[in-house]
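Notes follow the structure.
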Amino acid sequence: MKKVISSHRNFVLRIAKDEWFKQVFSIKKYYPGIPRRWKPNDLIFLVKRTDKGDSFVGYGVIKKFIERNKLSKAEREECEKMGWRGALIFSELYKFDPPLPIKETILGGLKVRGRYWHGYPLTDEQVNSLLEAVEKSCNIRKVD
């Protein structure tokens, strides 16, 4: 994998429900509830609770962010009901098998736990370390 050195921003988003996990990888779309200035080419690492604790399950590159008021009526109503701010559309999305436990990465020593991972910013150094760890211990599948 190539090293990330960019002016783009990198974040962790934590997927709380199994149905949302399946949805992200089936439609390459995520509905964030946290305020960020989402931009094309930002890198998003996806985390989900597993039997080994919170683990990285994949990552994606943002294609675009669609604000809630610009979504279809049905999507907009769902976003309003759930407190989501819009939809992240991924240009590229990768799934890890098996998931990589956070405690086995450069982030393992941080005091961040559970829901506090949601929206956590990552440095380029952390991203490069995570990509190296994933490459060594996981099968990476590009989602079409």
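With the sequence shown counted from 1, adding 26 to any position gets you this note's numbering.
Glycine included, each C-beta is placed from N, C-alpha and C at the ideal position.
All figures in this text were calculated on a predicted structure; none of them were measured in a lab.
Beta bridge counterpart(s) of residue i as assigned by DSSP
{"i": "V38", "result": "F71"}
{"i": "P147", "result": "F37"}
{"i": "T199", "result": "This structure does not reach residue 199, given that the chain is present from 27 up to 170, and the question cannot be answered."}
{"i": "I166", "result": "F122"}
{"i": "I88", "result": "F116"}
{"i": "P127", "result": "S81"}
{"i": "Y57", "result": "BP columns for Y57 are empty, so no partner."}
{"i": "E93", "result": "G112"}
Cα-Cα separation between residue i and residue j, rounded to whole angstroms
{"i": "D150", "j": "A42", "result": "25 Å"}
{"i": "L69", "j": "R75", "result": "20 Å"}
{"i": "R66", "j": "V73", "result": "Contrary to the premise, residue 66 reads as Pro rather than Arg in this sequence. Cα to Cα, P66 sits roughly 20 Å from V73."}
{"i": "G109", "j": "D44", "result": "18 Å"}
{"i": "E93", "j": "H144", "result": "19 Å"}
{"i": "P125", "j": "Y146", "result": "18 Å"}
{"i": "F37", "j": "K107", "result": "24 Å"}
{"i": "E103", "j": "S155", "result": "39 Å"}
{"i": "R167", "j": "I53", "result": "15 Å"}
Cβ separation of residue i and residue j, assumed to be a contact under 8 Å, to the nearest whole Å
{"i": "I115", "j": "S81", "result": "Wrong, their Cβ atoms sit about 24 Å apart, outside the cutoff."}
{"i": "F122", "j": "V160", "result": "6 Å"}
{"i": "L148", "j": "F71", "result": "7 Å"}
Close-in-space but distant-in-sequence residues of the same chain around residue i (CB under 6 Å, 5 per side omitted)
{"i": "S117", "result": "V87, K89"}
{"i": "Y56", "result": "V50, L114"}
{"i": "E101", "result": "none"}
Sequence-distant residues of its chain with Cβ nearer than 7 Å to residue i (five each side left out)
{"i": "P58", "result": "L39, W110, R111, L114"}
{"i": "K78", "result": "P127"}
{"i": "N165", "result": "D123"}
{"i": "Y85", "result": "L69, I70, F71, L72, Y120"}
{"i": "W64", "result": "I88, F91, L114"}
Top-ranked residue by Cα proximity to residue i, from the options
{"i": "K162", "options": "C105, T131, R63", "result": "T131"}
{"i": "L157", "options": "R63, Y120, I53, K54", "result": "Y120"}
{"i": "R62", "options": "R35, S52, K96, K48", "result": "R35"}
{"i": "V153", "options": "V138, L133, R141", "result": "L133"}
{"i": "Y142", "options": "K54, K99, S52, I60", "result": "I60"}
{"i": "V83", "options": "K96, I53, F47, K54", "result": "F47"}
Cβ of residue i within 8 Å of any chain D Cβ
{"i": "P66", "result": "Protein chain content of the structure displayed is limited to a single chain, and chain D is not contained in it."}
Sequence-distant residues of the same chain with beta carbon closer than 8 Å to residue i, five excluded per side
{"i": "L97", "result": "C105, G112, A113"}
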